[in-house]
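J.: Chains as they are written, first to last, in the numbering used here: chain A, 1 to 299; chain B, 300 to 598.
C-beta: ideal position from N, C-alpha, C; glycine also.
Being a predicted model, the structure only gives us computed values, none of them experimental.
After the structure tokens below, expect a handful of questions from me.
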């Protein structure tokens, strides 16, 4: 069951989710030429990064926007990247943030849970309401896949709508994102694995600790996909507080890991090694904060 | 300027937006085989529909989910469909409902405003906030493109979040979708054409007339993309009230027009003619309601 597989990966390898959000400008000099083109270069880059980090991460996340921006060749590189991670038996998240009315949602579920673009998990946007999420969930259950629904994003503009105070169905007032979280928690109860986590997860950008605690408590059966580590400014201490004894969530970093080669003297030739070293540091920093948070009497 | 082009198309050809949401199951028997495959058949179908209706519609809208569901071959059919409409000089909307944090939004804007997947307009989801919309708007202004932002969708589940009462920045209480509409109205003022309409439009599913009036008043400079006509139950009278003297909006129908051949005795061979006839009826029904609404003393 997909949620148990992710739980066991996190337990064995730690909570890092390496984001293969590979812009063509991230490639070291010469790689595109050597690979026979930009999209080919992106795929070669991803493959080398996966080979160098597969024992350090819980999973990979592929941000489809970077591939769509390269057109049809980019979509081929996207498909090949997903397939490569899946042949290694490692979970891969399609970061597609899709959503639409039910009939269309079924098409998106088919698109990203089967065929050329098959992934294990996909990210969804909740704005259209729960009848636009349920077709994904039905398909996820049928195919043993999972979804992560946007609850609270890490960008400054998340305040525009996600933080507006709403009168929720429960009669309680709170920010919109907590109303979304409440509906996600209900959906999550449909498909919980033996480790207590569901095939329905949530994307929660960590900022204030009080927010993190409230979200973590409400979504106790959900894996949290925690963006914003590294290039976006999140720290290991921030994210450790979103985890539950080091499990129950994955911490994404993309740019800061993929561009590690730029800080290394021979990084252009040893780019995957540079990413490996930075991924190791990230994993260690989170593990240290998780250990500190778990140690009695410490803070 | 893109908004003026759409205004003039609506003025000349009426407000119908024909949705090329072409599921593989919509093809008449034999077309896929004759075309050399399912994705090829979808492209051949779309091309015939466009040839048969180009003098009856304001624009076309292509729902990418149906193409993503066919994998790489589907994405090729998507690209070819967009290109075919654009060579005819008719506006085409990429119905992609994309959204992400700013750096990723830039990639999506590049993806759908240039290259293989170039469209004239694209649909966006506002959940992440205005800093996730602005990169699209910047790129739209730079390339003379347009965006339609989801405000109020037509599915029953839209009530889950879009209808929650929020305390908006203005201090006024109202449904979330009106808070979104308020921000969209501000953004729209950045790029208004000589006909008074902006390159920023809004997707507004019409149900109650009081809702329609409030949205129409707030978004007076925005084209409204009105879904739900036909197969989803919207009537000509419903949509006429969302238009402003027959302009200022486009009315989408997809399934009801694409599947017109199923109601016609020789529809399988004359599928494009069946869609043409049904598109003519739809356009006439809307025009009659617009005329009735505009006639003094009538209702």
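#1: With burial defined as no fewer than 16 other Cβ atoms inside 10 Å of the residue's Cβ, what is the status of residue 335(B): buried or exposed?
#2: Please classify residue 397(B): is it buried, with 16 or more other beta-carbons within 10 angstroms of its beta-carbon, or exposed?
#3: Quick check: is the beta carbon of residue 517(B) nearer than 7 angstroms to any beta carbon in chain A?
#4: Locate the beta strand (DSSP E) running through residue 335(B), then write down its first and last residues.
#5: Would you say residue 344(B) faces chain A, with C-beta separation under 7 angstroms as the test?
#6: Taking any Cβ of chain B, which residues in the stretch 176 to 187 of chain A have a Cβ under 8 angstroms from it, in chain order?
#7: Per DSSP, residue 66(A) forms a beta bridge with which residues?
#8: Strictly by DSSP, which residues pair up with residue 446(B)?
#9: Listing by chain order, which chain B residues have their CB less than 7 angstroms from the CB of residue 99(A)?
#10: Spatial neighbours of residue 139(A) within its chain, please: CB distance less than 8 angstroms, with the 5 preceding and 5 following residues excluded, ordered by chain position.
#11: Thinking residue 378(B) and residue 416(B) are a contact (beta carbons under 8 angstroms), I'd like their distance in whole angstroms, please.
#12: Along the chain, where does the alpha helix (DSSP H) containing residue 6(A) start, and where does it finish?
#13: In chain A, which residues lie with their C-beta within 7 angstroms of the C-beta of residue 364(B)?
#14: Quick check: the Cα distance between residue 121(A) and residue 484(B), rounded to an integer number of angstroms?
#15: Distance check for residue 539(B) and residue 453(B), CA to CA, integer angstroms please.
#16: In three-state terms, what does DSSP make of residue 51(A)?
#17: Quick check on residue 434(B): does DSSP put it in helix, strand or coil?
#18: Would a C-beta distance cut-off of 7 angstroms place residue 225(A) and residue 201(A) closer than the cut-off?
#19: Does the beta carbon of residue 165(A) sit closer than 7 angstroms to a beta carbon anywhere in chain B?
#20: Give, in chain order, every residue of the stretch 234 to 251 of chain A whose Cβ lies closer than 9 angstroms to some Cβ of chain B.
#21: Three or more C-beta pairs closer than 8 angstroms, one from the stretch 553 to 562 of chain B and one from the stretch 321 to 332 of chain B: is that the case here?
#22: What is the DSSP secondary structure of residue 127(A), reduced to helix, strand or coil?
#23: Using only the alpha-carbon positions, how far apart do residue 462(B) and residue 133(A) sit?
#24: Is the shortest distance between the beta-carbon of residue 116(A) and the beta-carbons of chain B less than 7 angstroms?
#25: Give the residues from the stretch 137 to 159 of chain A that approach chain B closer than 8 angstroms (Cβ to any Cβ), ordered along the chain.
#26: Please list, in chain order, the chain A residues whose beta carbon lies closer than 9 angstroms to that of residue 510(B).
#27: Using only the alpha-carbon positions, how far apart do residue 373(B) and residue 472(B) sit?
#28: Which same chain residues, not among the five before or five after residue 196(A), have their C-beta less than 7 angstroms away from its C-beta?
#29: With residue 315(B) as the anchor, note down where its beta strand (DSSP E) starts and where it stops.
#30: Can you tell me whether DSSP reads residue 537(B) as helix, strand or coil?
#31: Which value, in whole angstroms, describes the spacing of the CA atoms of residue 167(A) and residue 458(B)?
#32: Is the CB of residue 132(A) under 7 angstroms away from at least one CB in chain B?
#33: The beta strand (DSSP E) that contains residue 184(A), what's its start and end?
#34: So the candidates are 375(B), 535(B), 300(B), 331(B); which of them puts its Cα closest to the Cα of residue 567(B)?
#35: Under 9 angstroms between beta-carbons, which chain A residues line up against residue 339(B)? List them in chain order, please.
#36: Work out the CA separation of residue 391(B) and residue 316(B) for me, nearest whole Å.
T.: This is what the structure holds:
#1: exposed
#2: buried
#3: no
#4: Looking at the DSSP string, residue 335(B) is not in any beta strand (DSSP E), and its letter there is neither H nor E.
#5: no
#6: 176, 179, 180, 183
#7: Per DSSP, none; premise fails for residue 66(A).
#8: 421(B), 499(B)
#9: 396, 424
#10: 106, 109, 110, 113, 145
#11: 6 angstroms
#12: 2 to 13
#13: 100, 104, 107, 108, 111
#14: 35 angstroms
#15: 16 angstroms
#16: helix
#17: helix
#18: yes
#19: yes
#20: none
#21: yes
#22: coil
#23: 17 angstroms
#24: yes
#25: 150, 153, 154, 155, 156, 157, 158, 159
#26: The premise fails here: residue 510(B) is roughly 16 angstroms from chain A at the closest Cβ pair, so nothing lies under 9 angstroms.
#27: 44 angstroms
#28: 221
#29: 315 to 318
#30: helix
#31: 13 angstroms
#32: yes
#33: Note, residue 184(A): premise wrong, no beta strand (DSSP E); alpha helix (DSSP H) at 176 to 188.
#34: 331(B)
#35: The contacting residues do not exist; residue 339(B) stays about 15 angstroms from chain A at best.
#36: 9 angstroms
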